[in-house]
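Reviewing the structure listed below.
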Amino acid sequence: MNSNNELSELIFWTKNRNKITTSIGKWIGGDDVICHGHSMMKELLGNISYMQMLVLNITGRLIEENVAKWLEGNFIGVSYPDARIWCNTIGSLAGSMKTSVVAATVSGVLAADSRGYGGSQTSLYGMEFIQSALKEHKSGKSVDDIIKNSKHKNGKPVITGYARPVSRNDERLAPHQNMTQKLGFAQGEHMKLAFQINEYLDEKYGLAMNVAGYSCAFLSDQKFSPEEVYRIKSMMVASGVTACYIDYFNRPAHSFLPQYCEDVKYDGVSLREIP
Amino acid sequence: MENKDSFGYSKKTTTAIYYEKPSSSNPFMAESVHLHGYNVLELAQKKSFVDVLLLLFTGELPDENAVELMNALMVGFINPGPRNPAVRAAMTAGISKSNTPHLLPIGLLTLGGKEGGAEEIEQSMKSIQESFLSGNEIFCMSKLLASPEGADIKLVPGFGSSYGQRCIVTHELAQLLNQLPGAGKYLHWLNKQILHFNNEKVGWLPVGLSSAVFLDLGIQPREGIALFQIIYSPGISVQALEQTHKPISSMPFLEDSQYELK
Chain A
30 MNSNNELSEL IFWTKNRNKI TTSIGKWIGG DDVICHGHSM MKELLGNISY MQMLVLNITG
90 RLIEENVAKW LEGNFIGVSY PDARIWCNTI GSLAGSMKTS VVAATVSGVL AADSRGYGGS
150 QTSLYGMEFI QSALKEHKSG KSVDDIIKNS KHKNGKPVIT GYARPVSRND ERLAPHQNMT
210 QKLGFAQGEH MKLAFQINEY LDEKYGLAMN VAGYSCAFLS DQKFSPEEVY RIKSMMVASG
270 VTACYIDYFN RPAHSFLPQY CEDVKYDGVS LREIP
Chain B
152 MENKDSFGYS KKTTTAIYYE KPSSSNPFMA ESVHLHGYNV LELAQKKSFV DVLLLLFTGE
212 LPDENAVELM NALMVGFINP GPRNPAVRAA MTAGISKSNT PHLLPIGLLT LGGKEGGAEE
272 IEQSMKSIQE SFLSGNEIFC MSKLLASPEG ADIKLVPGFG SSYGQRCIVT HELAQLLNQL
332 PGAGKYLHWL NKQILHFNNE KVGWLPVGLS SAVFLDLGIQ PREGIALFQI IYSPGISVQA
392 LEQTHKPISS MPFLEDSQYE LK
């Protein structure tokens with residue numbers, strides 16, 4: 030690489046070599062830390078909640094106390110200390126292997142980065158759905174049209190946040206509704222539509238909104254983007270995982286659901302010899 | 152309150168890969184272990200690691216040409232080097248005295264991404280399959296659009312530029328693999344396009360080359376994600392472990408003058 034012309038093609042990388050340019054913040058050794066324009070030592074520490082700090086680091090916005098309290102309640106709502114839940118099973122297994130608490134907790138958190146459960150990645154899809162549904166609704170589409178155009182499986186719509194059979198109670202929904210009311214939030218336009226969708230799905234398919242659908246509508250009304258909520262909720266199952274880890278950490282090896290060989294069913298090819 | 156209805160889940164985990172014959176005196180203890188039907192002790196005596204790796208991922212023992220191809224790919228990419236972001240992540244953990252068992256997972260998690268990482272493998276394998284089936288060439292001028300930031304170009308996942316040009320070593324490794332008897336239709340088809348396109352700005356990236364080899368070996372796209380992580384694992388591990396033996400100050404820590412807050 031010797032001509033100036035060739036070097037100019039590398040400018041994108043050379044300008045970033047040995048240099049960080051950012052607007053997120055900076056540690057000023059011995060003095061302060063700047064976080065999205067706020068002073069950590071003079072303004073934030075001691076004055077805001079950890080949830081407000083977490084959201085500030087992720088979004089660059091210092092949210093109101095009541096929004097942070099709502100999010101904290103929402104986090105509590107997935108901190109189940111029950112080792113049957115997939116991410117928590119991993120915490121227990123890690124405890125049984127005497128893994129470090131951080132590895133155990135992070136492993137459980139990673140497991141909950143799932144398209145099926147966990148509240149983080151699922152929020153991405155739930156938020157995308159309700160935000161896109163509201164846009165469509167405002168442009169004149171009926172709830173019937175919105176649902177008809179959504180993904181279907183076995184003749185039923187598959188929408189994150191609205192897959193709960195009506196017969197099964199979601200124990201988190203009523204406390205979330207109470208929390209929203211207690212913290213003084215009015216019903217926003219996403220939430221209004223979410224309840225219309227809920228009513229439609231209940232009537233037509235026997236499906237109902239769960240806490241994911243409710244949370245996504247609420248957080249959309251609070252002007253969060255789907256990506257922001259995925260990021261904010263990335264660690265939300267952590268404490269339940271840690272609880273399950275600790276439960277098995279102090280027990281002897283193989284304490285957690287020990288299995289007979291035959292508890293794992295083999296359904297592969299017959300036993301064979303190498304030709 | 153307890154749930155009165157059954158959750159409706161299976162009573163047993165199932166697998167088609169691993170069979171343990173239980174000991175007659177202790178149902179928790181295995182008397183023998185079988186992988187896709189083969190006794191692991193027989194495999195240990197008669198087969199190589201790469202043979203058994205491909206057995207695990209495909210369900211069948213590979214022929215010698217497939218093993219040669221996979222072995223060459225694995226050696227070619229065994230260490231992506233200390234400038235690779237995944238390796239750097241593990242090295243950063245190593246130098247900063249993180250727990251040693253965390254080093255490889257840290258590297259592998261960083262490697263999990265969609266940009267040069269394991270998640271891009273699945274996208275790459277699918278896009279190669281789709282292009283091959285439809286006969287649409289990946290290397291064509293219409294796809295060669297400059298990045299607005301002046302950064303790298305990506306034609307489709309796994310193919311494009313690296314620091315503004317074709318990745319030299321990956322290109323040379325591809326030529327080597329392409330000549331092996333185990334190379335199949337995907338590797339040949341893509342390499343022919345690259346040579347015909349003859350543009351030194353774009354070509355094979357490690358993800359694209361790995362994807363083509365995986366497809367030729369009959370590996371499924373999702374399985375390709377894990378296989379790519381396995382291939383990079385030794386390099387991530389040793390580069391990180393090497394740093395653990397050095398003082399924390401032996402890796403650069405940018406000065407304030409090198410950190411600009413806008």
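Those protein sequence lines, which keep their order, are chains A and B.
Residue numbering for the first sequence follows this note's numbering, starting at 30 and increasing by one per position.
Residue numbering for the second sequence follows this note's numbering, starting at 152 and increasing by one per position.
Every residue gets a Cβ at the ideal spot worked out from N, C-alpha and C, and that includes glycine.
Residue i and residue j closer than 7 Å at C-beta
i: Cys290 of chain A; j: Ala181 of chain B; result: yes
i: Ile168 of chain B; j: Pro385 of chain B; result: no
i: Leu300 of chain A; j: Gly359 of chain B; result: no
i: Val184 of chain B; j: Leu194 of chain B; result: no
i: Leu220 of chain B; j: Leu378 of chain B; result: no
i: Gln274 of chain B; j: Pro308 of chain B; result: yes
i: Asn45 of chain A; j: Ser244 of chain A; result: no
i: Asn342 of chain B; j: Asn350 of chain B; result: no
i: Ile303 of chain A; j: Lys197 of chain B; result: yes
i: Met276 of chain B; j: Leu366 of chain B; result: yes
i: Gly335 of chain B; j: Thr209 of chain B; result: no
i: Leu153 of chain A; j: Pro255 of chain A; result: yes
i: Gln371 of chain B; j: Ala269 of chain B; result: no
i: Gly148 of chain A; j: Met265 of chain A; result: yes
i: Ala267 of chain A; j: Thr134 of chain A; result: yes
Buried versus exposed call for residue i [16 or more other C-beta atoms within 10 Å across all chains shown]
i: Tyr383 of chain B; result: buried
i: Asp250 of chain A; result: buried
i: Thr271 of chain A; result: buried
i: Trp355 of chain B; result: buried
i: Phe179 of chain B; result: exposed
i: Met30 of chain A; result: Any answer about Met30 of chain A is weak, because its pLDDT of 46 lies below 50 and its placement is not dependable; what the coordinates show is given next. Met30 of chain A comes out exposed.
i: Gln409 of chain B; result: exposed
i: Thr50 of chain A; result: exposed
i: Glu271 of chain B; result: buried
i: Phe158 of chain B; result: exposed
i: Asn227 of chain A; result: buried
i: Ala297 of chain B; result: exposed
i: Asp303 of chain B; result: buried
i: Gln222 of chain A; result: Reading the sequence as shown, one finds Leu at residue 222 of chain A and not Gln. Leu222 of chain A should be labelled buried.
i: Ser136 of chain A; result: buried
i: Met152 of chain B; result: Caution applies to Met152 of chain B, whose pLDDT of 42 falls short of 50 and renders its modelled position unreliable; the value that the coordinates give is listed next. Under this definition Met152 of chain B is an exposed residue.
i: Tyr259 of chain A; result: buried
i: Cys40 of chain A; result: Reading off the sequence shown, one finds Ile at residue 40 of chain A, where the question assumed Cys. So Ile40 of chain A ends up on the exposed side.
i: Ser388 of chain B; result: buried
i: Gly375 of chain B; result: buried
i: Gly66 of chain A; result: exposed
i: His283 of chain A; result: exposed
Bridge partners - residue i, DSSP secondary structure assignment
i: Tyr170 of chain B; result: B:His185
i: Gly184 of chain A; result: For Gly184 of chain A, which the question treats as bridged, DSSP gives no partner whatsoever.
i: His67 of chain A; result: A:Cys64
i: Thr50 of chain A; result: B:Glu411
i: Arg301 of chain A; result: B:Tyr189
i: Trp355 of chain B; result: B:Phe310
i: Val266 of chain A; result: According to DSSP, which records beta bridges pairwise, Val266 of chain A is partnered with nothing at all.
i: Ala237 of chain A; result: A:Arg193
i: Tyr337 of chain B; result: Answer is none; Tyr337 of chain B lacks a bridge partner.
Neighbourhood of residue i by C-beta, 6 Å cutoff - its chain only, sequence neighbours within 5 removed
i: Tyr109 of chain A; result: Gly269
i: Gln390 of chain B; result: Pro233, Val238 and Met242
i: Tyr234 of chain A; result: Lys185
i: Phe278 of chain A; result: Gly124
i: Glu288 of chain B; result: Gln344
i: Lys294 of chain A; result: none
Beta-carbon proximity list for residue i, same chain, < 7 Å, skipping 5 on both sides
i: Thr261 of chain B; result: Pro236, Ala237 and Ala240
i: Tyr170 of chain B; result: His185
i: Ala140 of chain A; result: Trp115, Cys116 and Ile119
i: Thr321 of chain B; result: Trp355, Leu356, Pro357 and Leu360
i: Met80 of chain A; result: Ala97, Leu100 and Glu101
i: Leu83 of chain A; result: Ile261
Same chain only: Cβ atoms within 8 Å of residue i, ignoring 5 sequence neighbours per side
i: Phe253 of chain A; result: Thr88, Met156 and Ile261
i: Ile246 of chain B; result: Gln394, Thr395, Lys397, Ile399, Ser401 and Met402
i: Lys352 of chain B; result: Leu295, Ile304, Ser312, Gly315, Gln316 and Arg317
i: Gly297 of chain A; result: none
i: Tyr229 of chain A; result: Val172, Asp173 and Ile176
i: Lys180 of chain A; result: Pro186, Val187 and Ile188
Residue i Cβ short of 6 Å to the ligand FMN heavy atom set
i: Ile275 of chain A; result: With respect to small molecules bound, the structure shown includes none, and the ligand FMN cannot be examined in it.
Handout entry: Touch test, the region 182 to 197 of chain A against the region 234 to 249 of chain A, Cβ-Cβ under 8 Å, three pairs minimum
Key = Contact between the region 182 to 197 of chain A and the region 234 to 249 of chain A is established, with three or more Cβ pairs separated by less than 8 Å.
Practice task
May I ask you to verify whether the region 210 to 225 of chain A touches the region 122 to 130 of chain A, counting CB pairs closer than 8 Å and requiring at least 3?
Solution key: Contact between the region 210 to 225 of chain A and the region 122 to 130 of chain A is absent: fewer than three C-beta pairs spanning the two stretches fall below 8 Å.
Problem - the region 174 to 182 of chain A / the region 51 to 64 of chain A touching (three or more Cβ pairs under 8 Å) - result: No: the two stretches stay apart, fewer than three of their Cβ pairs being nearer than 8 Å.
Problem - Three or more C-beta pairs below 8 Å linking the region 389 to 396 of chain B and the region 249 to 256 of chain B - result: For the pair of segments examined, the region 389 to 396 of chain B was found to touch the region 249 to 256 of chain B: the number of CB pairs separated by less than 8 Å reaches three.
Handout entry: Residues of the region 284 to 300 of chain A with Cβ closer than 7 Å to any Cβ of chain C, in chain order
Key = In the structure shown, chain C cannot be found, because the protein chains are A and B.
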